[in-house]
Amino acid sequence: MSAEYTDVRINLNSIECVTESLLEVQNELNQTIEAVNHYLRELIKCDYYNRFSITFRCRIYESIFFFHSVIQDIEEILGELKQGCITENEIEALGKIMKTV
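Numbered continuously in this note's numbering, the sequence shown closes out at residue 101.
Okay, here's the thing in structure tokens:
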């Protein structure tokens, strides 16, 4: 199991673009969590799970909890987008900030 990093350049032109991008990120996180859980189950079935250190296992679980937290944050942002709490001007400002960072 190797780690993969995908550099993503999000173009924030409109609320629709932001919504699409957030849904893609949310889907990717869900797939990652499912894959990690699948590999952990396979390790347990093969009796390799106990051969990994507690620190390593804790880091895996911390990552899963972090991903769940990010998914919840994305759901909150999507809810605010649907309610109109986030405006086009705020999206433009966020886009400018992202370009300067």
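No residue lacks a Cβ here, since even glycine has one placed at the ideal position from N, Cα and C.
Looking at Leu29 and Val70, is the spacing between their C-beta atoms short of 8 Å?
yes
So which of Glu62, Lys82, Ile44 and Glu90 has the shortest CA-CA distance to Leu23?
Lys82
Keeping to the same chain, check which residues put their C-beta closer than 8 Å to that of His68; ignore five residues upstream and five downstream.
Ile33
Can you round the beta-carbon distance between Ile74 and Gln26 to whole angstroms, since I take them to be within the 8 Å contact cut?
5 Å
Give me, in chain order, the residues of the same chain whose beta-carbon lies closer than 7 Å to that of Arg51; leave out the 5 immediate sequence neighbours on both sides.
none
Take Ile86 and list the residues in its own chain whose beta-carbon comes closer than 6 Å to its own, dropping the five residues that flank it on each side.
Glu80
Please look up how many angstroms separate the CB atoms of Ile15 and Ile91, rounded, as I've assumed it's under 8 Å.
6 Å
Whole angstroms is fine: what's the gap from Cys46's alpha carbon to Ser63's?
23 Å
7 Å Cβ shell around Leu78 - same chain, five flanking residues per side excluded
Thr19 and Leu22
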